[in-house]
Amino acid sequence: DDFTIWDRVWNNIWIVDDLIYEDSNPMTGEVVYGTPNRLGLFSGANIILANTVANGARNSNNGIDIIVNAAMLASEGSVVAQYWQNTISNAAYNGPNPANPATSLGDGRGPRRNPDSFMPSYTGNSDIRGYFRFWGSMAQKKRGYMKRNAPGPYNISPGIGYDKDYHYDYNFTDFSIPPYFPPASRADGSMVLVIKAYGEIPTNTKEGTTQ
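Have a look at this one:
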């Protein structure tokens, strides 16, 4: 090994319950305009909404949404819901599929979790965990999944994950960003964070490249 080279270790941030400012609306998460409260979450990998009871696990059987007030940046990953462990009973989607890993929605342990139990308890074809009520800002290298359902390769309905309720926190632009959080622009007004690409991924075929 070359000890003159520093390695980076990309770590995930796991959100296991609400992250809400003291003066925000406790039901909707709406932030107060002019509040001094700021929170920045900067991950070198992913920011993951954990599949916990507090975050609406088991098809939101406790009637709980997840609320987050923050500026979130996943520089090498995504802001994404943890759907690997779920409680659906559809055998095609509740466990790993070695022949086609892209369709693996679970690891088979979901029915035994939240709360822990040796007796499996399924929730049918639905593991909808409520709403992700978000007030803040979000930047990610790749768009993360919040909900897996039909239409698409995940032919289950209503599906797995969260419905989205997103709102920008104008306190970041009108007042200040969170302490030590990477700014979106430089002192001269030039942008630090820009959209690298937008649109469909090109498809290479023997006839050529198409969009």
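Per the numbering used here, residue 0 is the first one in the sequence shown, and the count goes up by one each step. We put the CB at the ideal spot given by N, CA and C, even for glycine. Since this is a predicted model, take the numbers as computed values, not measurements.
For S42, the enclosing beta strand (DSSP E) covers residues 39-42.
Within its own chain, the residues whose Cβ lies closer than 8 angstroms to the Cβ of V15, once the five positions on either side in sequence are excluded, are A49, T51, A53, N54, listed in chain order. Leaving aside the five residues that flank S74 on each side, the residues in its chain whose CB is nearer than 6 angstroms to its CB run, in chain order, G43. Here P110 is near Y121, since their CB atoms are less than 8 angstroms apart. Around the Cβ of D126, a 10 Å sphere holds 16 or more other Cβ atoms; the residue is buried. Counting along the chain, R57 sits inside the alpha helix (DSSP H) bounded by residues 56-59.
Nearest to G129 by C-alpha distance, out of S77, A98, I66, is I66.
By the C-beta density criterion, T172 is exposed, having fewer than 16 other C-beta atoms within 10 angstroms.
Cβ-Cβ distances below 6 angstroms link D162 to Y130 in the same chain, with the five nearest sequence neighbours on each side left out; the list follows chain order. Contiguous beta strand (DSSP E) elements confined to the stretch 35-117 occur at 39-42, 46-48, 65-73, 78-80, taking only those with 3 or more residues. Its chain contains S77, V78, V79 as the residues whose beta carbon lies nearer than 6 angstroms to that of G143, once the 5 sequence neighbours on both sides are disregarded; these appear in chain order.
Judged by beta-carbon spacing, I46 lies beyond the 8 angstroms limit of I87, meaning their Cβ atoms are not closer than that value. Residue environment analysis places M71 among the buried positions, since at least 16 neighbouring C-beta atoms fall within 10 angstroms of its C-beta. In this structure, R112 is the residue among P182, G188, S175, R112 with its C-alpha nearest to the C-alpha of A56.
Where F171 is concerned, there is no enclosing beta strand (DSSP E), although the alpha helix (DSSP H) around it starts and stops at 170-173. Rounded to whole angstroms, the separation of the alpha carbons of G160 and A98 is 24 angstroms.
Where R132 is concerned, the enclosing beta strand (DSSP E) starts and stops at 125-139. N61 is positioned such that its CB atom lies no closer than 8 angstroms to that of G28. Burial of N58 is indicated by the presence of at least 16 other C-beta atoms within 10 angstroms of its C-beta.
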